[in-house]
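Student:
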Amino acid sequence: MNNREVEKKIKKAYSHITAPDIIDSILSDCETQKGNVVMMEKKNRTPLFKGLALAAMALIIVVGIFGFNYYEMNYKAVSTIAFDVNPSIELKVNSQDRILEVIPLNDDAITVIGDMDLKGSDLDVAVNALIGSMIRNGYLSDLANSILISVENNDPEKAAQLQQLLSDEISQLITTNNFDGAVLSQSISENDQTLRNLASEYGITMGKAQLIQQILSMNPLYTFENLSKLTINELNLLINDQNVGNVTSTGSASDKNYIGNEKAKQIALQHANVSEANVSYCNVKLDYEMGAMVYEVEFYVNGTEYDYDINALSGDVMHVKTEQKTSPAQSDGQSNIPANSSYIGEAKAKQIALGNANVSESVLSYYWIEMDRDDGNIIYEIEFYAGNTEYEYEINALSGEIIKAERDQEENYPSYNTSNGSNNVSSDTSNHSSSSNNGNAQTSSGITADRAKEIALSHAGLTADQIRKYEVERDYENGIIVYEIDFKSGNYEYEYEINGTTGAIIQSKREFDD
Amino acid sequence: MILLNQSVSTDIDDIVLDQYLKEIANGNKNALADLYSMTSAVVYGFILSILKNSHDAEDILHDCYVSIYSATQNYRSGGRPLAWIMAIARNLCLLKIRERKKNADYPYENWEQDIADKKDVSAEDMIVLKDCMKNLSDEEHQIVYLHAVSGFKHREISQIMELPLSTVLSKYHRALKKLKACLE
């Protein structure tokens, strides 16, 4: 059975899966989503809860009349206020806006609080002291000026009022320190169980969890886990002045710690070797990718689109993609590749790609080529690795023109044991023949079956006279030549897969043979 | 109103999908319904291959399209729209799996049963689903689904799964070998 047959069987088995018809429920939930988020929180209150709240209010009034509301006024927390910068601090506040408790939620918060005892002080005094300490300790600075204020109070009006008050006060406090602050503020509901679970799971405040959820709803390609590691300033940069749900934002997040849009653009243009005068459109955006803040720089020069990812801290070029925008030819709707004897052939396409990448055959690992249809053109899609760089090419199968060239540096690239014999591999590609299925044939660009055997034996720590039932099969799958080797020694059965081009061991297995 | 497309494969026109996403961004809900009927089978199959529980899969399918609706403003056409949707689905599944880990005796893996109840399911189909796919690791399973069933290219899979291309290729070939051994 060949791969195609296996794939067919799997596809057939899965064709019985049908999606449930839940579009109506999706559509009705989309309605709610576009509404105000604060509305949703209110909706969660059950009539029973409302009844209790009313009863409690009536009780407070009765108790108040008799002058026994001393406890309620002084010792009961009515608001919880959380500050997130990177230090995360929670304040419990009573109805007189006095501090009942200061809770540090991470190590940075402990540093900020130091030996200050803020219990019993007025909210504005405490805020003043905490913001001052954050600035002294460098958590709020010219380089990272964002703070998130989350207010929780059962009375939405009071919450909104506090939110406004704190936002103004903190903006002012930061500004007097010679740089402008960027203040995000929001109200949160203590009853939101999902938020509470997320917050405790990732060790962040409910406020930060709510902010992250709102960013995710705008861009679901980020993950909660990744965003939970970012500081509020970084999150604020990702928000990039867009409107986020019920978050009120003043000031702009500082990107002074980064190289900046202009510099990122210059690095990209220089790397592409084009002058700014020839650029027809350029867009620079800060983004978070593969665990790092990057500038995405996109521009066009003479119908070619360039996409760069530039590391926002170091200015390193992390990813480059160029694509020629040709006018899409009319597709005839068929996915088959029409037969045509004037295709340049796989060997020639490979030569073009390697030549353009300036990579010699001997340093290749993982080479893959496939014919495909793209915008009505027949192309060769080529992918390969050299060192820790991944290359992708699309080459017009008739003209040999490079339609797309992409190179991508992998940071967590798995290391392969390239064979010692790889220096002997000829770099002559013109005679490369992919049709040879003879196990012993020496192809100009690969290793022999004997060499594959040597590699497997040396990995197993055995000599040829110690093994029996030796079998080798040369397979050609999706452009990769693989030697599949099986043999036995002692009570063990060995299985190897050796890359026929590089001699790298793709898979090795030793099993007790009973 | 809606005719569900029964196909789990991606004979789906990217240009049409792009157009739907643009209209959804303008608040056109009919476009969301059209997008759903065109793509829900392939997305649902992928979610099912990760979560292996039809009840959870239905929840995530729901959340996925609600996410799409609120995120289309940020969708930049140019890439393959279906890969964008699959990446959203996968992220939501990973969150679900994290949530599941808290209650260890979660009764999942009921999905083959749902299919077995359907008409036209041959004995071989059940062997493929019940016996063969079980031999694969979760990642192998997802990669095989995306390539063999949905027709994604390996490099698209490497973007959806956030894995290096080399890993996708080697996992795919290892998985096919296991499947071949099971079917022979």
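Protein chains in written order, with the working numbering: chain A, 46 to 559; chain B, -14 to 169. The beta carbon of each residue, even a glycine, is placed where N, CA and C say it ideally should be.
(1) Mapping DSSP to helix, strand and coil, what is A/PRO61?
(2) Taking C-beta to C-beta, are A/ALA509 and A/TYR541 nearer than 9 Å?
(3) Taking the C-alpha atoms as reference points, what is the distance between B/VAL28 and B/ILE53?
(4) Quick check on the DSSP output: the alpha helix (DSSP H) that includes B/TYR29 runs from which residue to which?
(5) For A/LEU72, return the contacting residues in chain B, with the cut-off set at a CB-CB distance below 8 Å.
(6) When you compare the CB of B/ASN76 with every CB in chain A, is at least one pair closer than 9 Å?
(7) Spell out whether any CB of chain A is found under 9 Å from the CB atom of B/ASN140.
(8) Please report whether the beta-carbon of A/THR63 lies at a distance below 9 Å from any beta-carbon of chain B.
(9) Work out the CA separation of B/LYS115 and B/LEU168 for me, nearest whole Å.
(10) Closer than 7 Å by C-beta to A/TYR326: which residues in its own chain qualify, once you throw out the five before and the five after it? Chain order, please.
(11) So, under 8 Å CB-CB, B/TYR60 and B/LEU6 are touching, yes? Tell me the CB distance rounded to an integer number of Å.
(12) Helix or strand or just coil, what does DSSP make of A/SER320?
(13) Compare the Cα-Cα distances from A/ALA313 to each of A/ASN271, A/ALA337, A/ALA357 and A/GLY336 and report the closest residue.
(14) Taking C-beta to C-beta, are A/GLY296 and A/ASP352 nearer than 9 Å?
(15) Show which residues of chain B have a CB atom less than 7 Å away from the CB atom of A/ALA58.
(16) Helix, strand or coil, according to DSSP, for A/PRO149 in the structure here?
(17) In the DSSP output, which residue or residues are listed as bridge partners for A/MET338?
(18) Under 7 Å, CB to CB, which of the residues in the segment 33 to 50 of chain B have a partner in chain A?
(19) In angstroms, rounded to a whole number, what distance separates the CA positions of A/GLU437 and A/GLU391?
(20) Does the distance from the C-beta atom of B/ASP123 to that of B/LYS81 stay below 9 Å?
(21) Keeping to the same chain, check which residues put their C-beta closer than 7 Å to that of A/PRO149; ignore five residues upstream and five downstream.
(22) How is B/ASP(-1) classed by DSSP in three states: helix, strand or coil?
(23) Between A/LEU275 and A/LEU266, is the Cβ-Cβ spacing less than 9 Å?
(24) So, using beta-carbon positions, are A/ALA309 and A/VAL329 closer together than 9 Å?
(25) Counting contacts by CB-CB distance shorter than 9 Å, is B/ASN179 in contact with chain A?
(26) Counting only beta-carbon separations shorter than 9 Å, does B/ARG83 have a partner in chain A?
(27) Check whether the Cβ of B/ALA10 lies closer than 9 Å to any Cβ atom in chain A.
(28) Taking Cβ-Cβ distances shorter than 7 Å, what residues in chain A pair up with B/ARG159?
(29) So if DSSP puts A/SER230 in a beta bridge, which residue, or which two residues, is it bridged to?
(30) If we cut at 9 Å on Cβ distances, does B/ILE(-3) have a partner in chain A?
(31) Per the DSSP calculation, A/GLU246 is bridged to which residue(s)?
(32) Can you tell me the Cα-Cα spacing of B/LEU161 and B/PRO66, whole angstroms?
(33) Please report the straight-line C-alpha distance between A/GLN259 and A/ASP153, rounded to a whole angstrom.
(34) Starting from A/ILE525, trace the alpha helix (DSSP H) in both directions and tell me its first and last residue.
(35) Tell me which same chain residues have a C-beta within less than 7 Å of the C-beta of A/ARG241, skipping the five on either side of it?
(36) Span of the beta strand (DSSP E) holding A/VAL123?
Tutor: Reading from the atomic positions:
(1) In the first sequence, the residue the question calls residue 61 of chain A occupies position 16. Correcting the residue identity first, residue 61 of chain A is His in this sequence and not Pro. In the three-state reduction of the DSSP assignment, A/HIS61 falls in the coil class, being assigned neither a helical nor a strand state.
(2) Taking the first sequence and counting its residues from 1, the one referred to as residue 509 of chain A is at position 464. Taking the first sequence and counting its residues from 1, the one referred to as residue 541 of chain A is at position 496. Contact flag unset, no.
(3) By one-based count along the second sequence, residue 28 of chain B stands at place 43. By one-based count along the second sequence, residue 53 of chain B stands at place 68. If you draw a straight line from the Cα of B/VAL28 to the Cα of B/ILE53, it comes to about 12 Å.
(4) Here residue 29 of chain B refers to the residue found at position 44 of the second sequence. Here the alpha helix (DSSP H) through B/TYR29 covers 14 to 36.
(5) As a working note, residue 72 of chain A is residue 27 in the first sequence. By Cβ distance, chain B contributes LYS14, LEU17 and ALA18.
(6) By 1-based counting over the second sequence, the position of residue 76 of chain B is 91. Closer than 9 Å: yes.
(7) Locating residue 140 of chain B in the second sequence gives position 155, where the first residue counts as 1. For clarity, residue 140 of chain B is Arg in the given sequence; the question names Asn instead. Judged by the 9 Å Cβ criterion, B/ARG140 is in contact with chain A.
(8) As a working note, residue 63 of chain A is residue 18 in the first sequence. Chain B, which has a Cβ nearer than 9 Å to the Cβ of A/THR63, makes this yes.
(9) Start at 1 with the first residue of the second sequence, and residue 168 of chain B comes out as number 183. Start at 1 with the first residue of the second sequence, and residue 115 of chain B comes out as number 130. The straight-line gap from Cα to Cα measures roughly 12 Å.
(10) Here the question's residue 326 of chain A lines up with position 281 in the first sequence. So the list reads PHE344 and TYR345, once near-sequence residues are dropped.
(11) Start at 1 with the first residue of the second sequence, and residue 60 of chain B comes out as number 75. Start at 1 with the first residue of the second sequence, and residue 6 of chain B comes out as number 21. About 5 Å separates the two Cβ atoms, so the contact holds.
(12) The count along the first sequence starts at 1 and reaches residue 320 of chain A at position 275. DSSP places A/SER320 in coil when its eight states are reduced to three.
(13) As a working note, residue 313 of chain A is residue 268 in the first sequence. Measuring from the Cα of A/ALA313, the nearest candidate turns out to be A/ALA357.
(14) By 1-based counting over the first sequence, the position of residue 296 of chain A is 251. By 1-based counting over the first sequence, the position of residue 352 of chain A is 307. Not closer than 9 Å, so no.
(15) As a position in the first sequence, residue 58 of chain A is number 13, starting the count at 1. The contacting residues are ASP110, VAL113 and LEU114.
(16) As a working mapping, residue 149 of chain A is identified with position 104 in the first sequence. In this structure, A/PRO149 counts as strand in the three-state DSSP scheme.
(17) Against the first sequence, residue 338 of chain A aligns to sequence position 293. Note: A/MET338 sits in a beta bridge opposite A/TYR333.
(18) Listed in sequence order: LEU33, GLU43, LEU46, HIS47 and TYR50.
(19) Position 392 of the first sequence, counted from the start, is the residue given in the question as residue 437 of chain A. Position 346 of the first sequence, counted from the start, is the residue given in the question as residue 391 of chain A. One C-alpha to the other measures close to 15 Å.
(20) By one-based count along the second sequence, residue 123 of chain B stands at place 138. By one-based count along the second sequence, residue 81 of chain B stands at place 96. Against a cut-off of 9 Å, the Cβ pair of B/LYS81 and B/ASP123 comes out as no contact.
(21) On the first sequence, residue 149 of chain A is found 104 positions in, with the first residue counted as 1. Excluding residues up to 5 positions away in sequence, ILE134, ILE155 and ILE158 lie with their Cβ nearer than 7 Å to the Cβ of A/PRO149 in the same chain.
(22) Stepping through the second sequence from its first residue, residue -1 of chain B is reached at position 14. DSSP places B/ASP(-1) in helix when its eight states are reduced to three.
(23) Numbered from its first residue, the first sequence carries residue 275 of chain A at position 230. Numbered from its first residue, the first sequence carries residue 266 of chain A at position 221. Contact: no.
(24) As a working note, residue 309 of chain A is residue 264 in the first sequence. As a working note, residue 329 of chain A is residue 284 in the first sequence. Contact: yes.
(25) Any question about residue 179 of chain B goes unanswered here, given that chain B covers just -14 to 169.
(26) As a first step, residue 83 of chain B must be located in the second sequence, where it is residue number 98. Yes, B/ARG83 lies at the interface with chain A (some Cβ there is under 9 Å from its Cβ).
(27) Looking up residue 10 of chain B in the second sequence gives position 25. So no, B/ALA10 is outside the interface.
(28) Position 174 of the second sequence holds residue 159 of chain B. Result: GLN552.
(29) The residue given as residue 230 of chain A occupies position 185 in the first sequence. Paired residue(s): A/ILE194 and A/THR293.
(30) By one-based count along the second sequence, residue -3 of chain B stands at place 12. For B/ILE(-3), the answer is no, since every Cβ of chain A falls outside 9 Å of its Cβ.
(31) On the first sequence, position 201 is the one that residue 246 of chain A refers to. In the DSSP assignment, A/GLU246 is bridged to no other residue.
(32) For the purposes of this step, residue 161 of chain B is identified with residue 176 of the second sequence, where counting begins at 1. For the purposes of this step, residue 66 of chain B is identified with residue 81 of the second sequence, where counting begins at 1. Straight-line Cα distance between these residues: approximately 27 Å.
(33) Your numbering for residue 259 of chain A matches position 214 in the first sequence. Your numbering for residue 153 of chain A matches position 108 in the first sequence. Going by the C-alpha atoms only, they are around 25 Å apart.
(34) Within the first sequence, the letter at position 480 stands for residue 525 of chain A. Unbroken run through A/ILE525 is the beta strand (DSSP E), 525 to 534; no alpha helix (DSSP H).
(35) In the first sequence, the residue the question calls residue 241 of chain A occupies position 196. For A/ARG241, same chain residues with a beta-carbon under 7 Å away, outside a window of 5 residues either side, are MET251 in chain order.
(36) The residue given as residue 123 of chain A occupies position 78 in the first sequence. Here the beta strand (DSSP E) through A/VAL123 covers 122 to 129.
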